[in-house]
Structures are given as C-alpha cells and as structure tokens.
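A.B. asks: Number 225 in full-length UniProt numbering belongs to position 222 of the sequence shown; there are no gaps in the numbering.
Cβ atoms here follow ideal geometry from the backbone N, Cα and C, with glycine treated the same way.
Predicted model, so just to flag it, every value in this text is computed and none were measured.
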Amino acid sequence: PLVLGIESTCDETAAALVQGNRLLSNVVASSMNEHARYGGVIPEIASRAHAESFVPVVSKALKDVDMDLSQVDAIAVSAGPGLAGCLAVGVSGAKALAWAAKKPLYGINHVIGHIAVTQLQFGPFPQNALALIVSGGHTSLLHVDDLARSVQVVGTTLDDAAGECFDKIARLLGFPYPGGPHIDRHARLGDPHAIAVPQGLTKGRAGAEHPYDFSFSGVKTAVARWVERRQQAGLDIPVDDVCASLADSVATVLSRKAMAACHRFDTDTLIVGGGFSANSQLRGKLEELGDQEGVKVRIPKINLCTDNGAMVAMLGVNLVQAGLPPSAPDFSIDSAMPMDRILM
Ligand code: ATP
Ligand code: MG
Ligand code: FE
4 PLVLGIESTC DETAAALVQG NRLLSNVVAS SMNEHARYGG VIPEIASRAH AESFVPVVSK
64 ALKDVDMDLS QVDAIAVSAG PGLAGCLAVG VSGAKALAWA AKKPLYGINH VIGHIAVTQL
124 QFGPFPQNAL ALIVSGGHTS LLHVDDLARS VQVVGTTLDD AAGECFDKIA RLLGFPYPGG
184 PHIDRHARLG DPHAIAVPQG LTKGRAGAEH PYDFSFSGVK TAVARWVERR QQAGLDIPVD
244 DVCASLADSV ATVLSRKAMA ACHRFDTDTL IVGGGFSANS QLRGKLEELG DQEGVKVRIP
304 KINLCTDNGA MVAMLGVNLV QAGLPPSAPD FSIDSAMPMD RILM
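1. If you drop the 5 nearest sequence neighbours on each side, which residues of the same chain put their C-beta closer than 7 Å to that of V94?
2. What residue range is occupied by the uninterrupted beta strand (DSSP E) comprising I136?
3. Sort E291, F279, D239 by Cα distance to L135 and report the nearest one.
4. Could you say which of S218, T272, H266 lies nearest to A254 if we only look at CA atoms?
5. Below 6 Å CB to CB, which residues in the same chain sit around G116 once its five sequence neighbours on both sides are set aside?
6. Using 7 Å as the cut-off, classify the Cβ of H113 as near or not near the heavy atoms of the ligand FE, replying yes or no.
7. Opposite residue 2 in the DSSP bridges: which residues?
8. Looking only at its own chain, which residues have a Cβ that is under 6 Å from the Cβ of V137, when we skip the five neighbours before and after it?
9. Given the structure, does G43 come close to the ligand FE, in the sense that its CB is under 7 Å from one of the ligand's heavy atoms?
10. Can you give the Cα-Cα distance for I172 and V200, rounded to whole angstroms?
11. Could you tell me whether the Cβ atoms of I78 and A52 are closer together than 8 Å?
12. For S73, is the classification buried or exposed, using 16 other Cβ atoms within 10 angstroms of its Cβ as the cut-off for buried?
13. Does the Cβ-Cβ distance between I302 and V275 come in under 8 Å?
14. Pick out whichever of P329, N306, M342 has its Cα sitting closest to the Cα of Q123.
15. Does any C-beta atom of chain B lie closer than 8 Å to the C-beta of V230?
16. Going straight from the alpha carbon of E15 to that of D310, what length do you get?
17. What is the rounded straight-line gap between the Cα of A19 and the Cα of L327?
18. Quick check on Q22: does DSSP put it in helix, strand or coil?
19. Assign G110 to one of three DSSP states: helix, strand, or coil.
20. Could you give the residue range of the beta strand (DSSP E) that holds Q122?
21. Less than 7 Å between the CB of T309 and some heavy atom of the ligand ATP, yes or no?
22. Quick check on the DSSP output: what are the complete alpha helix (DSSP H) runs of length 4 or more inside the region 240-272, in order along the chain?
23. Under 8 Å, with one C-beta from each stretch per pair, do the region 180-196 and the region 152-170 reach the 3-pair mark?
24. Tell me where the alpha helix (DSSP H) around K63 begins and ends.
25. Give the single residue among V58, D271, I240 whose Cα lies nearest to the Cα of I198.
26. Between H117 and the ligand FE, is there a pair consisting of the residue's CB and a ligand heavy atom that are separated by less than 7 Å?
27. Given this structure, state the Cα-to-Cα distance separating A250 from V30, to the nearest angstrom.
28. Does the Cβ of P332 have 16 or more other Cβ atoms within 10 Å, making it buried, or fewer, making it exposed?
29. Whose C-alpha, out of G193, K63, V6, is nearest the C-alpha of N24?
As structure tokens, then:
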C-alpha cells in the first residue's frame with residue numbers, strides 16, 4: 004500500500020509517502036529556530052507554525068513524486084503523544100484531507116513510529132524483537148510481538164528521558180536548545196572517565212523487580228552539582244570532559260540494559276529509535292556490545308531518528324497490511340498516549 008504520513012507532535016511539521024517499505028518522499032519543516040531563544044519548545048509558537056506549514060509540507064511531499072491525494076491508499080497521522088495544540092493541528096488537517104479525498108485515516112502512536120521507521124532501512128521486523136526507544140520525551144524498552152497489534156513495555160524511565168537529561172545539562176553549559184547534539188559533539192573530544200557520573204539505576208528499584216527500568220535524574224543532578232561547584236570555586240569548566248563523562252554514563256546504561264533484555268526475551272535483534280538514537284556515543288556502545296553479544300542492532304540513519312513523516316507513513320503501511328480498520332471519524336488526539344496503544 005501507498006500511505007501518506009503526517010507528523011506534528013512537537014516542533015516538526017512533516018509529511019512523507021511510503022509504499023511498501025520504500026520511502027518515496029520525505030519533507031520536514033521545523034520551528035526549532037523560533038524556540039531556541041526560549042530554551043525549549045513554546046507550544047503556542049509550535050502550533051502556529053504547524054498551521055502555517057501543514058499545507059505547504061503535505062503539498063511538497065506529493066509534488067516531489069508527481070502524485071496527488073487520489074493515488075494514496077491511506078493517510079496516517081500522529082495522534083499522540085505530544086503537545087495537544089500541535090497534535091490538534093496535524094490531526095484536524097489530516098481529517099480534512101481524508102474526508103475530502105475519501106481515504107481511510109489512521110491516528111497512530113508517534114513513539115511506535117520511531118521504531119517502525121527502521122523497516123525502511125532494514126526490512127520487516129523479525130518475529131520476536133526488542134526495541135529501545137530513546138527520545139526527548141521517552142526512554143523505554145519494548146517487546147514487540149506484532150508491530151501493528153501488540154507491543155509490551157518491558158522497562159521505562161522512572162523520571163527524565165535520556166534526551167531530556169542531555170538537554171537540561173546542555174542548558175546549564177550554555178548550549179542552545181536542543182542541546183543533545185551539542186553534548187554529542189563535545190563528548191567526542193573529551194575524556195569519558197574524567198568525572199565520576201553515577202549510572203542511572205543499576206541498583207535500587209532496578210534490582211530484582213524492575214531490571215530494565217532507567218533513571219536519569221540522579222545523573223543529571225550529579226553532573227549539575229559538579230559543574231556548579233566548579234563555577235562557585237571560580238574554576239573553569241572542562242566542557243568536553245563533562246560532556247564525555249555524561250554521554251558515557253547514559254550510553255553505557257542504555258546499551259547494557261537493552262542487551263540484557265534481548266537475552267531475557269531470547270531475541271537476536273534490537274531495534275533502536277527516537278531522536279536520541281542519533282547520539283554517537285550510544286550508537287558506538289550499542290554496536291560494540293551487539294558485536295560482543297551476538298545481537299544485531301538496527302539503528303536508523305540520522306535523518307530518520309529525529310521526528311519525520313516517514314515513521315508515521317511506515318507504521319500506517321503496517322496497519323493497512325495487517326488489515327486493521329482505520330480510526331473512527333471522531334477519533335481524538337491523546338497527548339499522553341500510552342506506549343502500548345498503537346492506534347486510536
Ligand atoms: P518523543 O518522540 O518522545 O515525543 P521528541 O519527538 O521531542 O519526543 P525526538 O525529536 O524524537 O523527541 O528527539 C529529540 C531529542 O533528541 C532531544 O532531546 C535532542 O536533544 C535529542 N538528540 C538529537 N540528536 C542528538 C544527539 N546527537 N545526541 C544526543 N541527543 C540528541
Ligand atoms: Mg523536534
Ligand atoms: Fe519523536
């Protein structure tokens with residue numbers, strides 16, 4: 004099937020066409036620059052930007068391959084989780100298109116889209132797969148029986164997401180929003196063992212009962228305290244070392260727990276997705292551990308890691324192929340859509 008995917012959960016307005024597991028077009032407009040000076044995404048500004056970009060972005064995705072809406076089999080749109088005002092713009096726009104063109108519309112889970120997108124690069128999911136989702140808002144391990152019908156949360160962060168932790172430290176170090184990529188860049192130049200950073204939840208609650216949960220607020224606090232103490236003492240901050248130590252701690256715990264979960268669920272394939280999977284320290288650690296432990300790691304190329312329409316269209320293709328009925332005409336957005344709900 005040929006599916007148009009539409010994304011507007013946060014600060015990217017995006018549309019893409021996917022046929023089978025082939026990406027035909029992929030258009031992304033971002034309002035990121037408009038938020039930079041506030042140090043975070045301002046929902047009102049993001050919603051307005053979606054309203055402005057929606058028609059141009061969708062038009063371009065179709066025009067890039069000389070198609071019109073009558074040729075698509077279905078439309079998919081992110082129905083959640085995300086910023087309510089942003090979701091409302093994308094979902095309303097998609098409903099209007101679906102109604103006018105008489106196409107089935109699927110309101111999908113954006114976070115599941117982050118792992119679905121790997122199929123464009125690596126082909127269909129294996130029968131029994133484990134997925135690590137790491138983004139600005141989520142850090143979870145999922146067991147995937149059937150991407151269209153059944154995913155279970157195996158572990159999740161008890162506080163901050165990995166991306167959120169990076170963004171907060173980045174802010175303290177004076178980098179513009181989003182700070183994750185800046186930490187990544189500086190981390191490549193520093194010593195990962197320069198500063199002792201705790202590893203999120205290797206003990207405590209993660210012990211016996213919840214071995215695959217994460218916690219990054221302690222990591223964030225430890226790094227913040229260290230930086231603040233140096234500042235108060237009038238010492239300069241070895242930015243590269245701070246970034247390298249932070250990145251090493253976060254990447255290590257993510258990759259170790261992901262591998263442990265693969266063994267526990269007896270799977271040889273780990274699917275990785277979400278904006279933070281662009282992180283080079285995490286990519287490096289996962290490849291290294293995957294090689295050591297015989298786990299094939301599927302990490303999408305960078306432009307498919309961050310928010311895009313291809314992830315939405317790809318999951319839409321899976322739903323159509325599974326023969327699932329589209330969302331009801333009056334389906335709602337869900338800004339806190341739970342991760343085990345794939346379709347509204
Ligand atoms: P969610 O998908 O949970 O709704 P989101 O859509 O806001 O959240 P994404 O766009 O998937 O999040 O990812 C954005 C996050 O990824 C930000 O926190 C950003 O700092 C982080 N990020 C992007 N590139 C890198 C990188 N190279 N290193 C570290 N973090 C990165
Ligand atoms: Mg974004
Ligand atoms: Fe996302």
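C.D. replies: So, from the data block:
1. V80, A82, G110, I336
2. Taken as a continuous stretch (DSSP letters only), the beta strand (DSSP E) holding I136 covers 132-137.
3. From the listed residues E291, F279, D239, the smallest Cα separation to L135 is found for F279.
4. Closest by alpha carbon: S218.
5. M314, V315, L318
6. yes
7. Nothing about residue 2 can be read from this structure; the chain reaches only from 4 to 347.
8. A165, G277, F279, S280
9. For G43, the shortest separation between its Cβ and any heavy atom of the ligand FE does not lie below 7 Å.
10. 13 Å
11. No, the Cβ-Cβ distance between I78 and A52 is not below 8 Å.
12. Counting other Cβ atoms within 10 Å of its Cβ, S73 stays below 16 and is therefore classed as exposed.
13. yes
14. In the sequence on display, residue 123 carries Leu and not Gln. Out of P329, N306, M342, N306 has the C-alpha closest to the C-alpha of L123.
15. No chain B appears in this structure, which consists of one protein chain only.
16. 6 Å
17. 21 Å
18. Strand at Q22.
19. strand
20. Element bounds for Q122: not the beta strand (DSSP E) but the alpha helix (DSSP H), 122-125.
21. yes
22. Within the region 240-272, the complete alpha helix (DSSP H) runs of at least 4 residues are 242-267.
23. Using a Cβ-Cβ distance cut-off of 8 Å, the region 180-196 and the region 152-170 are in contact, since at least three pairs of beta carbons, one from each stretch, lie closer than that value.
24. Segment 46-66, the alpha helix (DSSP H) holding K63.
25. I240
26. yes
27. Taking the straight line joining both Cα atoms gives about 30 Å.
28. exposed
29. When each option's Cα is compared against that of N24, the closest is V6.
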